[in-house]
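Colleague: Let me give you the structure first, and then I'll get to my questions.
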Amino acid sequence: MIRNYILKTIKIHYCVIIRFEIFKRGYYEAINKGLRPRGIIIVNPHNPTGDIYDEQTIQPILEFAAEKTLHIIFDEVYALSIFENEKPFQSIFNYTSIIDPERTHFIWSFSKDFALSGFRLGVLYGGSKELCSSGAAVNFIQIPSVIIQDIAAVLLSDQQWVDSYIKLNRSRLTQQYKKVKKIIEDMDNRIYVRPAKAGFFIWADCRLLLHEVTFEEEIHLFQIIFEHGVYLVSGSFLGCTQPGWFRIIFSVKEKWIDEILKRLKSGLDAYRQSTIASRA
Numbered sequence: 001m002i003r004n005y006i007l008k009t010i011k012i013h014y015c016v017i018i019r020f021e022i023f024k025r026g027y028y029e030a031i032n033k034g035l036r037p038r039g040i041i042i043v044n045p046h047n048p049t050g051d052i053y054d055e056q057t058i059q060p061i062l063e064f065a066a067e068k069t070l071h072i073i074f075d076e077v078y079a080l081s082i083f084e085n086e087k088p089f090q091s092i093f094n095y096t097s098i099i100d101p102e103r104t105h106f107i108w109s110f111s112k113d114f115a116l117s118g119f120r121l122g123v124l125y126g127g128s129k130e131l132c133s134s135g136a137a138v139n140f141i142q143i144p145s146v147i148i149q150d151i152a153a154v155l156l157s158d159q160q161w162v163d164s165y166i167k168l169n170r171s172r173l174t175q176q177y178k179k180v181k182k183i184i185e186d187m188d189n190r191i192y193v194r195p196a197k198a199g200f201f202i203w204a205d206c207r208l209l210l211h212e213v214t215f216e217e218e219i220h221l222f223q224i225i226f227e228h229g230v231y232l233v234s235g236s237f238l239g240c241t242q243p244g245w246f247r248i249i250f251s252v253k254e255k256w257i258d259e260i261l262k263r264l265k266s267g268l269d270a271y272r273q274s275t276i277a278s279r280a
């Protein structure tokens, strides 16, 4: 029998650190609104902070999900994009204990780690036969072409190349992150770049730059930088509870990054001048 559901995604608002208490609060806020939470989605490694959550951090969330009979989905799309000298990423199914395996699932795709967004090819590892059956039914309608599947199979069959690629990718991400982080912080000592461990983005705290620490002023800064040819993602768009945070992507060609940072500085200078003028 086919049953139809109307699903609604509830954002768990955060800014820097995701803790168990945040998910618990989000659950009861949904209950108070008359909603019936059915699952939790966790992005690990995290976007946009670049954090990696270990088993000790995740375990209380797993326990809460089991207590409330919630499905829990781990989006591990950045699992292979870990910076050098960081501990190896521990996937959910490598944990020492999973309380409710039938309601624990993970997803991964080629989009981020292999920079193959156009492939639309990924993995769903489900803890229950019902989920796998549903996934197979959806996949029948949205299945990638045979050519794409064949390319992916050939790519993954060369283990030596895969290992070499992952190592090189991690090295380049690490070096680019360090470079861009330093340049941005040198632009203005009021900008704080939060240390990251994975991904290809910087999570920058620009609150001290704002004329007023409000979401309206955050958008004002965004618009001025955009007018200078750089698109940043504002924290409010990503559910950040504090105004003034921005996500900055750094995984672009080396010859582009200097121009991007030059435009960013021009945008920040223009905002600074507009702030001075408004105070005059």
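Heads up: the sequence shown begins at 1 in full-length UniProt numbering, then just goes up one per residue.
Just so you know, even glycine gets a beta-carbon here, dropped at the ideal spot from N, CA and C.
At which residues does the beta strand (DSSP E) containing residue 157 begin and terminate?
Modeller: Within the sequence shown, residue 157 is the residue found at index 157, counting from 1. Element bounds for residue 157: not the beta strand (DSSP E) but the alpha helix (DSSP H), 146 to 157.
Colleague: Return the chain-ordered ranges of every alpha helix (DSSP H) run that is complete within the stretch 179 to 255 and spans a minimum of 4 residues.
Modeller: 215 to 227
Colleague: Whole-angstrom Cβ separation of residue 206 and residue 221, contact assumed at under 8 angstroms?
Modeller: Here residue 206 corresponds to residue number 206 of the sequence shown, with the count starting at 1. Here residue 221 corresponds to residue number 221 of the sequence shown, with the count starting at 1. Yes, they are in contact, since the Cβ atoms of residue 206 and residue 221 sit about 7 angstroms apart, within 8 angstroms.
Colleague: Tell me, which residues are paired with residue 108 by DSSP?
Modeller: For the purposes of this step, residue 108 is taken as residue 108 along the sequence shown, with counting starting at 1. For residue 108, which the question treats as bridged, DSSP gives the partners 123.
Colleague: Would you decide whether residue 229 is buried or exposed? Buried here means 16 or more other CB atoms lie within 10 Å of its CB.
Modeller: Within the sequence shown, numbered from 1, the residue matching residue 229 stands at position 229. Flag for residue 229 reads exposed.
Colleague: According to the Cβ coordinates, are residue 59 and residue 91 closer than 9 angstroms?
Modeller: In the sequence shown, counting from the first residue as 1, residue 59 sits at position 59. In the sequence shown, counting from the first residue as 1, residue 91 sits at position 91. No.
Colleague: For residue 74, name the three-state secondary structure that DSSP assigns.
Modeller: Translated into the one-based positions of the sequence shown, residue 74 becomes position 74. Here residue 74 sits in strand by DSSP.
Colleague: Is it a yes or a no for the stretch 187 to 204 touching the stretch 119 to 135, going by three-plus beta-carbon pairs under 8 angstroms?
Modeller: no
Colleague: Secondary structure at residue 58, three-state DSSP: helix, strand or coil?
Modeller: Your numbering for residue 58 matches position 58 in the sequence shown. Correct three-state label for residue 58: helix.
Colleague: Assuming residue 39 is part of the beta strand (DSSP E), what are its boundary residues?
Modeller: As a working mapping, residue 39 is identified with position 39 in the sequence shown. For residue 39, the enclosing beta strand (DSSP E) stretches over residues 39 to 43.
Colleague: Look at the alpha carbon of residue 237 and the alpha carbon of residue 175, and state the distance between them as a whole number of angstroms.
Modeller: Taking the sequence shown and counting its residues from 1, one reaches residue 237 at position 237. Taking the sequence shown and counting its residues from 1, one reaches residue 175 at position 175. Rounded to the nearest angstrom, the two C-alpha atoms are 28 angstroms apart.
Colleague: Closest by CA to residue 109, which one among 80, 246, 95, 86?
Modeller: The sequence position of residue 109 within the sequence shown is 109, counting from 1. Among 80, 246, 95, 86, the Cα nearest to that of residue 109 is on 80.
Colleague: Can you tell me where the alpha helix (DSSP H) with residue 139 in it begins and where it stops?
Modeller: As a working note, residue 139 is residue 139 in the sequence shown. Its alpha helix (DSSP H) spans residues 129 to 142.
Colleague: In angstroms with no decimal places, state the Cα-to-Cα distance between residue 72 and residue 106.
Modeller: By one-based count along the sequence shown, residue 72 stands at place 72. By one-based count along the sequence shown, residue 106 stands at place 106. Residue 72 and residue 106: Cα-Cα distance of roughly 8 angstroms.
Colleague: Using C-beta distances below 8 angstroms, list every residue in its chain close to residue 184, excluding the 5 sequence neighbours before and after it, in chain order.
Modeller: In the sequence shown, residue 184 corresponds to position 184, counting from 1. For residue 184, where only same-chain residues beyond five positions count, the Cβ hits under 8 angstroms are 191, 193, 202, 204, 248, 261, 264.
Colleague: List the residues that DSSP assigns as beta-bridge partners of residue 257.
Modeller: As a position in the sequence shown, residue 257 is number 257, starting the count at 1. BP columns for residue 257 are empty, so no partner.
Colleague: Pull up the distance between the alpha-carbon of residue 274 and that of residue 179, whole angstroms please.
Modeller: Counted from its first residue, the sequence shown places residue 274 at position 274. Counted from its first residue, the sequence shown places residue 179 at position 179. The straight-line gap from Cα to Cα measures roughly 28 angstroms.
Colleague: Hey, how far is the Cα of residue 270 from the Cα of residue 216?
Modeller: If you number the sequence shown from 1, residue 270 lands on position 270. If you number the sequence shown from 1, residue 216 lands on position 216. Computed Cα separation, rounded: 17 angstroms.
Colleague: Rounded to whole angstroms, what's the CA-CA distance from residue 67 to residue 19? Just pull it up for me.
Modeller: Stepping through the sequence shown from its first residue, residue 67 is reached at position 67. Stepping through the sequence shown from its first residue, residue 19 is reached at position 19. Going by the C-alpha atoms only, they are around 17 angstroms apart.
Colleague: Does the Cβ of residue 17 have 16 or more other Cβ atoms within 10 Å, making it buried, or fewer, making it exposed?
Modeller: For the purposes of this step, residue 17 is taken as the residue at position 17 of the sequence shown. With fewer than 16 Cβ atoms within 10 Å of its Cβ, residue 17 is classed as exposed.
Colleague: If you draw a straight line from the alpha carbon of residue 257 to that of residue 57, how long is it in whole angstroms?
Modeller: Translated into positions along the sequence shown, residue 257 becomes position 257. Translated into positions along the sequence shown, residue 57 becomes position 57. Those two C-alpha atoms are separated by around 35 angstroms.
Colleague: Cα separation between residue 267 and residue 231?
Modeller: In the sequence shown, counting from the first residue as 1, residue 267 sits at position 267. In the sequence shown, counting from the first residue as 1, residue 231 sits at position 231. Using only the alpha carbons, I get a separation of about 11 angstroms.
Colleague: Apply the 10 Å Cβ neighbour rule to residue 49 and answer buried if 16 or more other Cβ atoms are within range, or exposed otherwise.
Modeller: On the sequence shown, residue 49 is found 49 positions in, with the first residue counted as 1. So residue 49 ends up on the buried side.
Colleague: Please identify the residue among 39, 55, 37 whose C-alpha is closest to the C-alpha of residue 45.
Modeller: Residue 45 sits at position 45 when you count from the first residue of the sequence shown. Residue 55 is the option with its Cα nearest to residue 45.
Colleague: Tell me, to the nearest whole angstrom, how far the beta carbon of residue 64 is from that of residue 23; I am working on the premise that it is less than 8 angstroms.
Modeller: Position 64 of the sequence shown, counting from 1, holds the residue named residue 64. Position 23 of the sequence shown, counting from 1, holds the residue named residue 23. Right, their Cβ atoms sit about 7 angstroms apart.
Colleague: Buried or exposed, going by whether 16 or more other CB atoms sit within 10 Å of the CB of residue 76?
Modeller: Indexing the sequence shown from 1 puts residue 76 at position 76. So residue 76 counts as buried.
Colleague: Might you give, ordered along the chain, the residues of its own chain that have their beta carbon closer than 7 angstroms to the beta carbon of residue 84, omitting 5 neighbours on each side?
Modeller: Residue 84 sits at position 84 when you count from the first residue of the sequence shown. Contacts found: 170, 171, 174.
Colleague: Does the beta-carbon of residue 87, which I'm using as the reference point, lie nearer than 8 angstroms to any heavy atom of the ligand SAH?
Modeller: Among the components modelled here there is no ligand, and therefore nothing to report on the ligand SAH.
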